[in-house]
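Asker:
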Amino acid sequence: MKTMEWKDNKLILIDQTKLPDEVTFFTCNSYKDVIIAIKTMVVRGAPAIGVAAAFGMVLAHLKDENLEIVAEEIKSSRPTAINLFWAVDRVLTSNDPVQEALTMYKEDIETNLAIGRHGSEIINDGDTILTHCNAGALACVDYGTALGVVRSAFHQGKDINVICDETRPLGQGARLSVWEMQEENIPVKLIPDVASGYLMQQGKIDKVIIGADRVASDGIANKIGSLLVALAAKRFQIPFYVAAPLSTFDFDISIYDAEIEERGSEEVTHYGGTRICPKGTEVINPAFDIVPKDLITGIITEKGIINPEEFQSFFQQLKSQ
Ligand code: MRU
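For what it's worth, the working numbering labels the leading residue of the sequence shown as 475, then goes sequentially.
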């Protein structure tokens, strides 16, 4: 099942806010619908946001709307995933928006398959892999980045186990990653976010693999909680990998200058619709955090795995291309 389909000049998205209980679809007839889908997390995950945004540009193009203005509006839907900006600019500067978006759709799947192939080399038979948030098929067009590595190793016949952090406040690990793994019979267990340090201390985790919303030469931004997982992994000498396509790379800024999205307080004050703190409680709800380069063992890309010592030269090389 793909996260999105382009059909009869409409973008059809799996509604991720309804998973895992219902597999329902959200149809975008206009770029405004795509913006709503991105803001409300019907579609989420950096690569999926990027490709959906590209089709948002296509919907505007088909209605003869001013693409320069639409581009700015779409870009303001979520700030952290650089794929959004990359995708909108790519369609804006292309001569054939429809073809460009369709190419990006296809490329996303090929890229993830390549990430899976490279990443599976670091997975050993018997490994237990911890992941945070959802960097799976649902975060992309298909297959996934971090979970693409897991899928690839599993399909090679490796005996692996996956542990998903629940990923408060929105539960992308519990709702989406666990569902994806169960759909393919990949062995999976769910843990509360606060349990990962203990499991590492007990020697129950062999590797951590997460995705990224932005990769810069000095670190990455990913779902809130990634930093604590990385710090614990360093303390217990557990390899910590980030799987991300080159479309997630930002060659221009330090990761500390990336805008970190702040989301609404209800996500924290409520759980499943029920308030869990006194009425009127003030909240801080950053959606992402920053994992500095020195906590990362390697970045798994479609071109191969980059080690921290190679970050600088890899970035310089790609920037000059
Ligand atoms: O807020 P979300 O659900 O869009 O956050 C998603 C993540 O943090 C993912 O790990 C990241 O986008 C990589 S997806 C391949």
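Backbone N, C-alpha and C fix where the C-beta goes; we use that ideal spot for every residue, glycine too.
1) In the DSSP output, which residue or residues are listed as bridge partners for Asp639?
2) Do you know whose CA, among Arg709, Val703 and Ala732, lies nearest Val682's CA?
3) For Phe789, tell me which candidate among Asn759, Asp724 and Cys751 has the shortest Cα-Cα distance.
4) Measuring straight from C-alpha to C-alpha, what distance separates Ala695 and Ala561?
5) Quick one: what's got a C-beta closer than 6 Å to Pro553's C-beta in the same chain, skipping five residues either side?
6) Please report the distance separating the alpha-carbon of Val544 from that of Leu566.
7) For Lys467, collect the residues of the same chain with a Cβ closer than 7 Å to its Cβ; drop the 5 residues on either side in sequence, then sort them by chain order.
8) Anyone know if the C-beta pair for Ala511 and Ala534 falls short of 8 Å?
9) Report the residue from Asp726, Pro521 and Ala707 whose alpha carbon sits nearest the alpha carbon of Gln427.
10) Which one of Ser504, Pro752, Val532 and Leu720 has the shortest CA to CA distance from Ser691?
11) Return yes when the Cβ of Ile637 is within less than 8 Å of the Cβ of Leu673, no when it is not.
12) At what residues does the alpha helix (DSSP H) containing Lys678 begin and finish?
13) In its own chain, which residues sit with a C-beta less than 7 Å from the C-beta of Ile729, not counting the 5 before and 5 after it?
14) Residue range of the alpha helix (DSSP H) that Gly472 falls in?
15) Consider the C-beta atom of Pro494 and the heavy atoms of the ligand MRU; say whether any pair is separated by less than 7 Å.
16) Curious, which full-length alpha helix (DSSP H) runs of at least 4 residues does the region 475-530 contain?
17) Kindly examine the ligand MRU and report whether one of its heavy atoms sits closer than 7 Å to the Cβ of Gln646.
18) Give me the Cα-Cα distance between Phe559 and Asn608, rounded to the nearest whole angstrom.
19) Per the DSSP calculation, Tyr745 is bridged to which residue(s)?
20) State yes or no: is the C-beta of Arg649 nearer than 7 Å to some heavy atom of the ligand MRU?
21) Could you tell me if the beta carbon of Asp687 falls within a distance shorter than 7 Å of some heavy atom in the ligand MRU?
22) Below 8 Å between beta carbons: does that hold for Leu487 and Arg649?
23) Count the other CB atoms, across all protein chains shown, that sit within 10 Å of the CB of Leu644; report buried if there are 16 or more and exposed otherwise.
24) Taking the C-alpha atoms as reference points, what is the distance between Val516 and Asp489?
25) With DSSP run on the structure shown, which of helix, strand or coil describes Leu644?
26) Would you be able to state if there are at least three C-beta pairs under 8 Å between the region 743-763 and the region 587-598?
27) Taking just the CA atoms, how far does Gly524 sit from Glu542?
28) Between the Cα of Met531 and those of Gly747, Arg564 and Gln630, spot the shortest distance and give me the residue it belongs to.
29) Look up Val703 in the DSSP assignment and say whether it is helix, strand or coil.
30) Beta-carbon within less than 6 Å of Lys549's beta-carbon, same chain only, minus the 5 sequence neighbours each way: which residues are those?
Answerer: Considering the structure as presented:
1) Looking at the DSSP assignment, Asp639 forms a beta bridge with Ile665.
2) Nearest option by C-alpha distance: Val703.
3) Per the C-alpha coordinates, the member of Asn759, Asp724 and Cys751 positioned closest to Phe789 is Asp724.
4) If you draw a straight line from the Cα of Ala695 to the Cα of Ala561, it comes to about 18 Å.
5) Correct list, in chain order: Glu733 and Glu735.
6) Their Cα atoms are separated by approximately 10 Å.
7) This structure does not reach residue 467, given that the chain is present from 475 up to 795, and the question cannot be answered.
8) It is not a contact, given that the beta carbons lie outside the stated cut-off.
9) The structure shown does not extend to residue 427, since the chain spans only 475 to 795, so no value can be given for it.
10) Just measuring C-alpha positions, the residue of Ser504, Pro752, Val532 and Leu720 sitting nearest Ser691 is Leu720.
11) Result yes, Cβ atoms of Leu673 and Ile637 sit closer than 8 Å.
12) For Lys678, there is no enclosing alpha helix (DSSP H), as DSSP marks it with neither H nor E.
13) Only residues of its own chain outside the window of five on either side were considered, and among them Arg688, Ala690, Asp692, Gly693, Ile694, Ala695 and Ile764 have a CB closer than 7 Å to the CB of Ile729, listed in chain order.
14) Here the chain covers residues 475 to 795 and nothing more, so residue 472 does not appear.
15) No, Cβ of Pro494 sits at least 7 Å from all heavy atoms of the ligand MRU.
16) DSSP runs (the alpha helix (DSSP H)) wholly in the region 475-530: 505-513.
17) Because some heavy atom of the ligand MRU lies under 7 Å away, the Cβ of Gln646 counts as near it: yes.
18) Whole-angstrom Cα-Cα distance: 21 Å.
19) Note: Tyr745 sits in a beta bridge opposite Thr748.
20) Look at Arg649: its beta carbon is at least 7 Å from all of the heavy atoms in the ligand MRU.
21) Distances between the C-beta of Asp687 and the heavy atoms of the ligand MRU include at least one below 7 Å.
22) Not a contact, by the Cβ cut-off of 8 Å.
23) Counting other Cβ atoms within 10 Å of its Cβ, Leu644 reaches 16 or more and is therefore classed as buried.
24) Distance between the alpha carbons of Val516 and Asp489: 5 Å.
25) Secondary structure at Leu644: coil, using DSSP grouped into helix, strand and coil.
26) As far as the Cβ criterion goes, the region 587-598 does not touch the region 743-763, which means the pair count is below three.
27) Distance between the alpha carbons of Glu542 and Gly524: 17 Å.
28) Nearest C-alpha to Met531 among Gly747, Arg564 and Gln630: Arg564.
29) Helix.
30) Contacts found: Phe559 and Val562.
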